[in-house]
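See below for the structure under consideration.
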Amino acid sequence: WTSQSSLDLGEPLSLITESVFARYISSLKEQRVAASKVLTGPQAKPAGDKAEFIEKVRRALYLGKIVSYAQGFSQLRAASDEHHWDLNYGEIAKIFRAGCIIRAQFLQKITDAYAQNAGI
111 WTSQSSLDLG EPLSLITESV FARYISSLKE QRVAASKVLT GPQAKPAGDK AEFIEKVRRA
171 LYLGKIVSYA QGFSQLRAAS DEHHWDLNYG EIAKIFRAGC IIRAQFLQKI TDAYAQNAGI
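The numbering of the sequence shown is the numbering used here, which starts it at 111 and goes up by one.
Here is the structure:
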């Protein structure tokens with residue numbers, strides 16, 4: 111429903127929507143196994159410093175998390191504007207952190223940012 115809502119609002123939600131698509135692909139195990147036998151592709155060859163690579167992956171995942179939250183809160187703002195809800199985004203971040211499946215520590219940074227500037 112979140113992805114459908116983003117389409118209805120004309121609001122980009124690429125990371126969350128792509129994760130839904132990845133879930134669908136993951137459920138097609140028989141097709142994935144058959145495809146992996148036909149489409150072998152090149153073998154991955156580790157190169158460079160392993161610790162540096164791990165740090166780059168960690169930073170990329172962190173950036174993905176930031177973008178995902180930004181898109182999600184942007185969608186909330188678009189829905190609030192369209193439906194005249196007057197949402198409190200700092201409170202939403204607190205609620206997510208307190209008892210939602212999301213519960214990430216990063217939500218505290220979002221809560222703090224909205225406390226400093228509710229209009230961001």
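All C-beta atoms in this analysis are idealised placements derived from N, C-alpha and C, irrespective of residue type, glycine included.
Model, not experiment: these values are computed from the prediction.
- Short of 7 Å from the beta carbon of residue 136, and not among the five residues preceding or following it, lies no beta carbon of its own chain.
- The straight-line gap separating the alpha-carbon atoms of residue 207 and residue 148 is approximately 44 Å.
- Excluding sequence positions up to five before and after residue 203, its CB lies within less than 6 Å of the CB of 217, 220, 221, all in the same chain and listed in chain order.
- Residue 171 counts as exposed, since fewer than 16 other beta carbons sit within 10 angstroms of its beta carbon.
- Taken in chain order, the unbroken stretches of alpha helix (DSSP H) that lie wholly in the segment 174-214 and span 4 residues or more are 199-209.
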